[in-house]
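Numbering (the numbering used here), first residue to last: 294 to 536. Glycine residues also receive a C-beta, built at the ideal position from the N, C-alpha and C atoms. What you are looking at is a predicted structure, and each value in this text was computed from that prediction instead of being measured.
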Ligand code: NAD
C-alpha cells in the first residue's frame, strides 16, 4: 500500500524541473497524475495536458480534462511560474502584469477551477510553490519577489477560506534549485561554469537544492502525514533563510 494509492493529482508546470520531479514522485507513490503545462510532453504513467495558467479558458478546459481522465482531483500542485530580473525601474507595468498573471493569478485560476473537485475529495490538499525570494529580500528580483510574496499570502487566505471544507493549503519556499530554469539562466552567463560555482558558493550548504528535495517537501505537505498541517510554508533552501 502506497501513500497516494487511489488519489489523483494535477501539477501545473508539471513537465519540467520541480513540477516534473513532484509529478514523478507522487506517481511513484501511487497517485494518478496529470501535468498541466504549456509544453505538456511527459512520459507515462504521467499524463500531459496542454494548459496556460495565464488563460482562464485554457486552464478550465485542462482541469476538466484532467478530472475526466483521472476520475476526479484530490491534490493540486500550483507550481507553474516564470522569472523576472531587475529593480522596480527595470520592469514596466506590462511586465508586472504579465508575471503576476502567471505566478499569482495562474494559481488563483487553477484553484478556482479545481475547487469543485477538491470538495468531493476526502484527502483534498493544495500545495503552492513560492520561493525564498518571498522572504529573503534578494537584490534584482523586485517583481519576482513580489509575486512569490503574494503566493504566501494567497496560501494563508486559501487555507482559512477552505479549512471548513476539509481542504488543506500549504506552500513550499525553495532556494535556488537545480532545474532547467536555472540551467537557462546559467547558459546566458559569459562563463556558465564559473557562474554556477559562484551560485553554489552563495548557498550555506555549498550546493544547489535538487528538484527531488523540493518534490519531497511538496509530497509531504500534500499527503496524509501532513493531515494536521494547513496555512504553513516550508523552506527547502539549504539553510539560506535561517543563516
Ligand atoms: P522550469 O522552468 O524548469 O519549469 C517550469 C514549467 O512551468 C515548464 O514546464 C513551463 O513550460 C511551465 N510553465 C511556464 N509558464 C506556464 C504557463 N503559463 N502555464 C502552464 N505552464 C507553464 O522551472 P522550475 O525551476 O522547476 O520552477 C518551478 C516553480 O518553482 C516556479 O514557480 C518557480 O518560481 C519556483 N521556484 C524555482 C526555483 C529555482 O531555483 N528553480 C526557486 C524557487 C522557486
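Check, Outcome
"Buried or exposed for residue 456, going by 16 or more other Cβ atoms inside 10 Å?", "exposed"
"Do you know how far the Cα of residue 484 is from the Cα of residue 451?", "43 Å"
"Between residue 353 and residue 436, what straight-line distance do the alpha-carbon atoms span, to the nearest angstrom?", "27 Å"
"Are the beta-carbon atoms of residue 507 and residue 422 separated by less than 9 Å?", "yes"
"Which stretch, first to last residue, makes up the alpha helix (DSSP H) that contains residue 473?", "473-480"
"Looking at residue 463 and residue 522, is the spacing between their C-beta atoms short of 9 Å?", "yes"
"Cβ-heavy atom distance between residue 441 and the ligand NAD below 8 Å?", "yes"
"Just the Cα atoms here: how many angstroms apart are residue 368 and residue 517?", "11 Å"
"In whole angstroms, what separates the C-alpha of residue 301 from that of residue 382?", "43 Å"
"Go to residue 302, then tell me how far its beta strand (DSSP E) extends in each direction, as first and last residue.", "301-305"
"CB of residue 423 to nearest heavy atom of the ligand NAD: below 8 Å?", "yes"
"Identify every run of the alpha helix (DSSP H) within the segment 418-444, keeping only runs that are complete inside it and at least 4 residues long; order them along the chain.", "426-429"
"Output the boundary residues of the beta strand (DSSP E) element that contains residue 579.", "The displayed coordinates of the chain run from 294 to 536. Any statement about residue 579 would go beyond what the structure contains."
"Tell me where the alpha helix (DSSP H) around residue 468 begins and ends.", "No alpha helix (DSSP H) contains residue 468, which DSSP labels as neither H nor E."
"Select from 312, 311, 531 and 511 the residue whose C-alpha is nearest the C-alpha of residue 499.", "531"
"Please check if any C-beta of chain C sits within less than 9 Å of the C-beta of residue 312.", "The question asks about chain C, but that chain is absent: this structure has only one protein chain."
"Quick one: residues in its chain with C-beta nearer than 7 Å to the C-beta of residue 504, no 5 flanking neighbours on either side, listed in chain order?", "310, 311, 314, 470, 471 and 472"
"To which residues does DSSP link residue 342 through a beta bridge?", "329"
"Near residue 445, what residues of its chain come up, given a Cβ to Cβ distance below 7 Å and the 5 sequence neighbours on each side ignored?", "423, 427, 464 and 526"
"Would you check if the distance between the CB atom of residue 412 and the CB atom of residue 458 is smaller than 9 Å?", "yes"
"Between residue 434 and the ligand NAD, is there a pair consisting of the residue's CB and a ligand heavy atom that are separated by less than 8 Å?", "no"
"Have a look at residue 333 and residue 344 and give me their C-alpha separation to the nearest angstrom.", "8 Å"
"Using only the alpha-carbon positions, how far apart do residue 461 and residue 366 sit?", "14 Å"
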